[in-house]
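These notes are about the structure you will find just below.
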Amino acid sequence: REVLQTAPPEGVFTHFHSSEADDGSLAQQEARFAEAVAMLPARPRFVYTDNSGAIVRRAPNPGDLVRPGIFLYGVGSWPAGEGRLVPEPVASLRARILELREIAPGEGVSYNATWRAVRPTRIATVACGYADGLRRHLGNHAHGSLHGRPVPIRGVVTMDMAMLDVTEVPCAQGDVVTFLGRDGATLLTAEAVATAGGLSPYELLVGLKLRLPRLYPEA
């Protein structure tokens, strides 16, 4: 206590372990935190608790500050009610078409031919793979968006490339495929893409590798 009086903290905070759950634990943890703060010689300048889940669930928030994490990327699957904040997705993952190829019924795509064509199919190869953060399990489970239309990922996602079925979408080499984010009126959310890959949105976003070029457009 003498140390706290000599060098009082500028701020104190806690981190809710279950801010997305309706189990009463948030209120319980907040009450315990308030008891701990009350034991300090004086109230610090900044006292705060709310992470992304709490920010969305109970805006306006009671603390001096908030501490958003995944909310900064526009990710939040919490139910939005009157007066609650709804995040706008801002993270995107895009890649250009390198090659277009026609394949016949029965021909396989990618390693081990885990997908085979059942009709004449046009396959686009794009410059994005699991070394970039496009998870391997998304192959045969997810889709990209091309000119606002869904294009399924066919076969296994490789280290540097992925293959998509673009039979129904007119396109050319150099066109951009979106795997995460907005493509016209189409939105591929981190939640939806992560679910298709058996991941959480957190895993998906932190898995985007450093070798990906980062572009930060102005709002």
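In our numbering, the protein residues as written are 8 to 226.
Ideal placement from N, C-alpha and C gives every residue a C-beta, glycine not left out.
Discussion item. How far does the beta strand (DSSP E) with I110 in it extend, from its first residue to its last?
Written reply: For I110, the uninterrupted beta strand (DSSP E) segment begins and ends at L100 to I110.
Worksheet entry | H144 (DSSP reduced to helix, strand or coil) | helix
Worksheet item: Among Y137, R129, G162 and T165, which one has its Cα closest to the Cα of Q180?
Response: R129
Practice prompt. Quick one: residues in its chain with C-beta nearer than 6 angstroms to the C-beta of H144, no 5 flanking neighbours on either side, listed in chain order?
Written response: G204 and G205
Item to complete: Would you check if the distance between the CB atom of E27 and the CB atom of G60 is smaller than 8 angstroms?
Response: yes
Worksheet item: Bridge partners of T193, per DSSP?
Response: D190
Practice prompt. Find out if the Cβ-Cβ distance for the pair T140, L215 is shorter than 8 angstroms.
Written response: As written in the sequence, residue 140 is Gly, which differs from the Thr given in the question. Taking 8 angstroms as the Cβ cut-off, G140 and L215 qualify as a contacting pair.
Worksheet item: Rounded to the nearest angstrom, how far is the Cβ of L171 from that of G151, given a contact under 8 angstroms?
Response: 6 angstroms
Worksheet item: Quick check: the stretch 35-43 against the stretch 73-83, are there 3 or more CB pairs under 8 angstroms?
Response: Contact fails: fewer than three Cβ-Cβ distances are below 8 angstroms.
Worksheet item: Thinking C-beta only, is P96 closer than 8 angstroms to T165?
Response: Not closer than 8 angstroms, so no.
Worksheet item: Which residue comes first and which comes last in the alpha helix (DSSP H) that contains I130?
Response: Looking at the DSSP string, I130 is not in any alpha helix (DSSP H); the run it does join, the beta strand (DSSP E), is T128 to V133.
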